[in-house]
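Written below as structure tokens is the structure these notes are about.
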Amino acid sequence: MILFTIGVVGVLIRRNAIIVFMCIELMLNSVNLLLVAFSKMHALSPVAKASPTFASDAQVFVFFIMVVAAAEVTVGLALIVMLYRNTHSVDVNFLNRLKY
Amino acid sequence: MQITTLLFLLLSIMAVGAALMVLFSKNPVHSILWLIVVFFAISGHYLLLNAQFLAVVNIIVYAGAIMVLFLFVVMMMNLNQEDIEPVKNYRLQILGVLSGGVMLLIIVLAVMRLQETQPVQLKVGDAGLITNLGKTLFNNYVLPFEISSVLFLSAIMGAVIIGRREED
Numbered sequence: 001m002i003l004f005t006i007g008v009v010g011v012l013i014r015r016n017a018i019i020v021f022m023c024i025e026l027m028l029n030s031v032n033l034l035l036v037a038f039s040k041m042h043a044l045s046p047v048a049k050a051s052p053t054f055a056s057d058a059q060v061f062v063f064f065i066m067v068v069a070a071a072e073v074t075v076g077l078a079l080i081v082m083l084y085r086n087t088h089s090v091d092v093n094f095l096n097r098l099k100y
Numbered sequence: 001m002q003i004t005t006l007l008f009l010l011l012s013i014m015a016v017g018a019a020l021m022v023l024f025s026k027n028p029v030h031s032i033l034w035l036i037v038v039f040f041a042i043s044g045h046y047l048l049l050n051a052q053f054l055a056v057v058n059i060i061v062y063a064g065a066i067m068v069l070f071l072f073v074v075m076m077m078n079l080n081q082e083d084i085e086p087v088k089n090y091r092l093q094i095l096g097v098l099s100g101g102v103m104l105l106i107i108v109l110a111v112m113r114l115q116e117t118q119p120v121q122l123k124v125g126d127a128g129l130i131t132n133l134g135k136t137l138f139n140n141y142v143l144p145f146e147i148s149s150v151l152f153l154s155a156i157m158g159a160v161i162i163g164r165r166e167e168d
């Protein structure tokens, strides 16, 4: 079952091939899902038995990832608004001009 | 077939299909709506994994807040025409899909090499309950919590400064 989860999430990770801003959100979410799934998968391992907060650790990490993702989305969308205002396009290739 | 397995398969197919639709829909608004479907499927996965708090937070934060932000930006800038799609570069697209496939292959192979196929513990553990999560958060992770508040403050200021008009 966990292997199939990884398959799913791997397919989700693959999304960074095309340059869309939303794919970043997809990738973050797939990584979140993987974190929770792995924490559940190793819940019976000796390391997990040794530490009392093993499973909640992963979920707290996921929580922090969500926080960072929210902050990143605000800044990223502000950048996109700025780009659109200056170039009247959302084509990523226009960002090539930043080189000069 | 067990009901959880059935649910898992259903949610997985839903997530992957909706994620594909995010990529292949021409209209950005449709793409955002499909992304919301993906987030709901992922929340369902969290519920299956006994992480109730994360499921609720996922729906509130992502489907509620972030997607509204996306929709707001798309509609404010009137991007929801289909002819705004930039000129396609097929060679680049093929290359992107190819490299993504190679990455997927590598990840799957690495996971297969682990040889550790424990099934996921579905119905055990109360780690997802908000009591235990809050205890962990405020006992072991107080410093990252406070730092994330500073990060949020700087993100707000950055967004305001970037988004401000030049002549103001």
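If you're matching them up, the sequences are chains A and B in order. Residue 10 in our numbering sits at position 10 of the first sequence, with consecutive numbering throughout. Residue 120 in our numbering sits at position 120 of the second sequence, with consecutive numbering throughout. The beta-carbon is built from N, C-alpha and C at its ideal position, and this holds for glycine as well.
Item, Value
"Test: B:Ile-42 CB closer than 8 Å to a CB of chain A", "yes"
"With 16 other Cβ atoms within 10 Å as the buried cut-off, status of B:Gln-2", "exposed"
"Assigned secondary structure, B:Tyr-62 (DSSP; H/G/I helix, E/B strand, else coil)", "helix"
"Check whether B:Ile-32 and B:Met-76 have beta carbons under 8 Å apart", "no"
"Test item: CB-CB of A:Ala-70 and B:Gly-163 under 8 Å", "no"
"Alpha carbon of A:Ile-19 to alpha carbon of B:Gly-101, nearest angstrom", "Residue placement at A:Ile-19 is poorly supported in this model, since its pLDDT is 49, which falls under 50; the coordinates still yield a value, given next. Whole-angstrom Cα-Cα distance: 15 Å."
"Cut-off 7 Å between Cβ atoms - residues of its own chain near B:Phe-70, not counting five sequence neighbours on either side", "Ile-32"
"Proximal residues of chain B, C-beta to C-beta of A:Leu-26 below 8 Å", "Ala-19, Val-22, Leu-35, Val-38"
"Members of the segment 69 to 85 of chain A that neighbour chain B once the beta carbon cut-off is set at 7 Å", "Ala-70, Ala-71, Val-73, Thr-74, Val-75, Leu-77, Ala-78, Leu-79, Ile-80, Val-81, Met-82, Tyr-84"
"Cutoff 6 Å; reference B:Ala-41; Cβ partners in own chain excluding five residues on either side", "Leu-11, Met-14, Ala-15"
"Cβ neighbour criterion (16 or more within 10 Å) applied to B:Val-74", "buried"
"Local conformation of B:Ile-3 per DSSP, three classes", "helix"
"Contact with chain B by A:Leu-33, beta-carbon distance below 8 Å", "yes"
"B:Lys-26 (DSSP reduced to helix, strand or coil)", "coil"
"8 Å Cβ cutoff, B:Ile-162 in contact with chain A", "yes"
"Residue range of the unbroken alpha helix (DSSP H) whose run includes B:Asn-140", "130 to 140"
"Expected contact under 8 Å - CB spacing of A:Met-66 and B:Val-61 to nearest Å", "6 Å"
"Three-state secondary structure assigned by DSSP to A:Asn-29", "helix"
"Host alpha helix (DSSP H) of B:Met-76 (start-end)", "67 to 76"
"A:Glu-25, buried or exposed, once every other Cβ within 10 Å from all chains shown has been counted against 16", "buried"
"Helix, strand or coil at B:Leu-49 [DSSP, three-state]", "coil"
"Assigned exposure category for A:Ala-58 - 16 Cβ within 10 Å defines buried", "buried"
"Partner residues on chain A for B:Asn-132, Cβ-Cβ distance less than 7 Å", "Ser-56"
"Any 3 or more C-beta pairs closer than 8 Å across the segment 49 to 60 of chain B and the segment 21 to 36 of chain B", "no"
"Neighbouring residues, chain A, relative to B:Ile-66 (Cβ below 8 Å)", "Glu-25, Ala-69, Ala-70, Val-73"
"Endpoints, alpha helix (DSSP H) assigned at B:Arg-113", "90 to 113"
"Sub-8 Å separation of B:Phe-53 and B:Ile-130 beta-carbons", "yes"
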